[in-house]
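Since the structure comes first, as structure tokens, the remarks are kept for the end.
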Amino acid sequence: MATQAEFIDALAKAAEITKAEADRISRAYAAVAVAQAKGGFAALPDLGRFKAVTRPARKARNPRDGKIIDVPAKTSLVLKVGA
């Protein structure tokens, strides 16, 4: 699975556009995928599968002052690049 940065780089190179434009396109596709998926997944031909994943609440350390903080649960979008 590619990282978001790797995906943006590859998209920018393949489409011969800037990384900023590729990032905007990626976010637009992600928004469409999330809207369609509604908790499941959305397959985009020649790109891959977007899947909504719920990340649980957790404890983390604030790097500024070292205090332990509560990070709430959130839904993230995961892209599994197709072949």
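The working numbering puts the first residue of the sequence shown at 1, with every later residue one more than the last. Glycine included, every Cβ here is placed at the ideal spot set by N, Cα and C. Keep in mind the model is a prediction, meaning the values are calculated, not measured.
Check                                                                                          : Outcome
Under 8 Å between C-beta atoms of ALA33 and ALA22                                              : no
Local Cβ density within 10 Å of GLY48, reported as buried at 16 or more and exposed below that : buried
Cβ separation of ALA2 and VAL81, assumed to be a contact under 8 Å, to the nearest whole Å     : 5 Å
LYS67 - DSSP class collapsed to helix/strand/coil                                              : coil
LEU11: first and last residue of the uninterrupted alpha helix (DSSP H) it sits in             : 4-15
Coarse secondary structure for ALA42, derived from DSSP in three states                        : strand
Which of helix, strand or coil DSSP assigns to ALA57                                           : coil
Nearest to ARG55 (by Cα), restricted to the options PRO63, ASP46, ASP65, LEU77                 : LEU77
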